[in-house]
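Residues in the sequence shown are numbered from -3 upward in steps of one, following the working numbering.
This report refers to the structure that appears directly beneath it.
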Amino acid sequence: MTNGQRTQRGGHTPSVGVRRRPLLVAGAGAATLALSGCLGGGGGGGDDADAPAAITVPEGATCDVCGMTIRQHPGPTTEIFYADQQPNGHDNPARFDSTWEAYQFEFERDEQGWADVAFYVTDYSAVDYEVFEEGGDTLISRHYEASAFAPASEVTYVVDSEVKGTMGRDLVAFTDRGDAESFRADHGGSLTTHDGVTPEVIGGLGK
């Protein structure tokens, strides 16, 4: 892919360059997905005092679903810590180059009796992110530092917006719901929370 147009945080070109807290806000009719969650284990934890802290994604670390090198590609990042398990034979956490793949992994492991003790996602309220055009797609920047993560139970997701990550359409997370509403106003999609993410929601992403 070739580099496309990028603007600085706070720029006014549509779909490129956004600020951490964009000025646009969603209308009163903004839809929120009213879906029942079916996650087991820690239920999006990380806020528990005994939960392991998020870590910076190591150089060369690959996604535990697709095998791509996480730090080399754009989009949301996710880490899941499991009790008494080694994801794909390596030490915790399990790591992913998209959030939808992390939930897919979580649903599968939940059926096998795995219990998560911490589930972290990129918090786009906590970083200066970019939305940019590249290769005909609208993409969002990758943030892999430990400080960029928040517990999944504390975020609002924008689901199925026009903005893509490494593995297509994804869940873009914000701890500030106002940031999520602004992002939705700019880029479409619907709002939900960790408890609203189901296999059906995940099945519609990644395209």
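For every residue, glycine included, the Cβ atom is placed at its ideal position computed from N, Cα and C.
Remember, predicted model here, so these are calculated numbers, not experimental data.
| query | result |
| --- | --- |
| Ranges of the beta strand (DSSP E) found wholly within the segment 70 to 122, counting only runs of at least 3 | 74 to 78, 90 to 92, 112 to 118 |
| Alpha-carbon to alpha-carbon, ASP172 and PRO195 | 25 Å |
| Coarse secondary structure for SER186, derived from DSSP in three states | strand |
| Identity of the residue in ASN84, ALA142, ARG105, ALA79 nearest PRO54 by Cα | ALA142 |
| Reduced DSSP category for GLU129 - H, G, I as helix; E, B as strand; rest coil | strand |
| Proximity to LEU201 [Cα-Cα], best of ALA98, ARG67, ASP46 | ALA98 |
| For THR162, the nearest candidate out of VAL154, PHE145, TRP96 (CA to CA) | TRP96 |
| Selection from ASN84, TYR120, PRO89, ALA49 that minimises the alpha carbon distance to VAL151 | TYR120 |
| Element boundaries [alpha helix (DSSP H), containing PRO147] | Note, PRO147: premise wrong, no alpha helix (DSSP H); beta strand (DSSP E) at 145 to 147. |
| DSSP state of ASP175 mapped onto helix, strand, coil | helix |
| C-alpha distance - THR188 paired with TYR153, whole-angstrom precision | 5 Å |
| Below-9 Å beta-carbon distance, GLU129 vs any chain C residue | Going by chain labels, chain C is absent from the structure shown, which holds only one protein chain. |
| Buried or exposed by the 16-neighbour rule on C-beta atoms within 10 Å, applied to ASP80 | exposed |
| Cα-Cα separation, PHE179 to ASP87 | 35 Å |
| Opposing strand residues paired with VAL204 [DSSP bridges] | The question about residue 204 has no answer, for the chain in this structure spans -3 to 203. |
| Cut-off 6 Å between Cβ atoms - residues of its own chain near VAL113, not counting five sequence neighbours on either side | GLY38, ALA47, PHE77, ALA79 |
| GLY202, enclosing beta strand (DSSP E) - first and last residue | It is not in any beta strand (DSSP E) - GLY202 carries neither H nor E in the DSSP assignment. |
| Segment limits, beta strand (DSSP E) that includes ASP46 | Premise fails: ASP46 is in no beta strand (DSSP E) and is neither H nor E. |
| Element boundaries [beta strand (DSSP E), containing ALA169] | 164 to 170 |
| Burial state of LYS203 (16 or more Cβ within 10 Å) | exposed |
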